[in-house]
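Before any comments, here is the structure.
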Amino acid sequence: VSIGAPPGGATSAPAAVSSAIGRIDVFVRGADAAIWRNTWTGSWSGWTSVGGVATSAPAAATRGTGRLDVLVRGADGAIHWSSWASLGGATISAPAAVAPAADRLDVWSRAADSGVQHKVWKSTTGWSGWSKTWFAGPKR
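In the numbering used here, the protein residues as written are 550 to 689.
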């Protein structure tokens, strides 16, 4: 079964995440610069636009069942998160993201000086600022 491509084709590498047993969500940047999604739950749903204006491949993470976080670099050079809210800062790369816990999302990108920068979302404090130092990881 072919997953196909959004109208006009995909213009980025895909990002994939599983937020539930038997479910896979695949995200790509389309020819229109929007982010497109195709979901597998026994068969492919077909490509649907989730919007945004991306200048990079998407990153995807899940903080638990049905909770998806999608991030991209926007036209302004900042990283944008799920509802396309800007996280600020200046980046020259696609983001990378991981959710090590239901109440935490870690995001990395390459800064304008080519250093790696990191930002953290926690349910208790919201987003941190961008930093080039490591924030303590989740407790075991």
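We treat Cβ as the ideally placed atom computed from N, Cα and C, and that holds for glycine.
These figures come from a predicted structure and were not determined experimentally.
Give the single residue among the options whose Cα lies nearest to the Cα of residue i.
i	options	result
tryptophan 657	Ala608, Val566 and Ala569	Ala608
valine 621	Asp655, Trp676, Val669 and Thr604	Thr604
aspartate 662	Ser642, Leu654 and Gly558	Ser642
glycine 591	Thr674, Ser551, Gln666 and Gly638	Ser551
serine 598	Ser672, Ala559 and Ala660	Ala559
threonine 674	Val665, Lys681 and Arg653	Arg653
leucine 617	Ala580, Gly601, Ile573 and Gly678	Ile573
serine 567	Gly553, Ile584 and Trp589	Trp589
arginine 578	Ala569, Gly571, Ile570 and Gly600	Gly600
alanine 651	Gln666, Ser672 and Gly638	Ser672
glycine 638	Ala645, Val647 and Gly626	Gly626
proline 563	Gly615, Ala569 and Ala645	Ala645
tryptophan 585	Gly571, Ala569 and Gly557	Gly557
proline 649	Gly613, Leu636, Ala660 and Gly678	Gly613
alanine 554	Gly571, Ile570, Ala583 and Ala569	Ala583
Helix, strand or coil for residue i? Go by DSSP, reduced to three states.
i	result
lysine 671	strand
proline 607	coil
leucine 654	strand
serine 623	The identity of residue 623 in the sequence shown is glycine, whereas the question assumes serine. Reduced to three states, the DSSP call for glycine 623 is strand.
arginine 689	Unreliable positioning characterises arginine 689 in this predicted model, as indicated by a pLDDT of 48, which lies under 50. A coordinate reading is not provided.
tryptophan 676	strand
proline 649	strand
aspartate 618	strand
isoleucine 570	coil
threonine 597	strand
Residue i and residue j: beta carbons closer than 7 Å?
i	j	result
isoleucine 628	threonine 611	no
serine 680	alanine 606	no
valine 602	alanine 624	yes
aspartate 655	valine 669	yes
Who are the Cβ neighbours of residue i in its own chain at under 7 Å, not counting the five residues just before and after it?
i	result
asparagine 587	Ile552, Val575, Trp593, Ser594, Gly595 and Trp596
tryptophan 676	Leu636, Lys668 and Trp670
Please report whether the beta-carbon of residue i lies at a distance below 7 Å from any beta-carbon of chain B.
i	result
aspartate 625	You won't find chain B in this structure, because it holds only one protein chain.
Which residues in the same chain as residue i place their Cβ atom closer than 8 Å to its Cβ, once the five residues preceding and following it in sequence are excluded?
i	result
serine 631	Leu617, Asp618, Val619 and Leu620
alanine 660	Gly638, Ala639, Thr640, Ile641, Gln666, Trp679 and Lys681
alanine 565	Ile573, Asp574, Val575, Phe576 and Ala609
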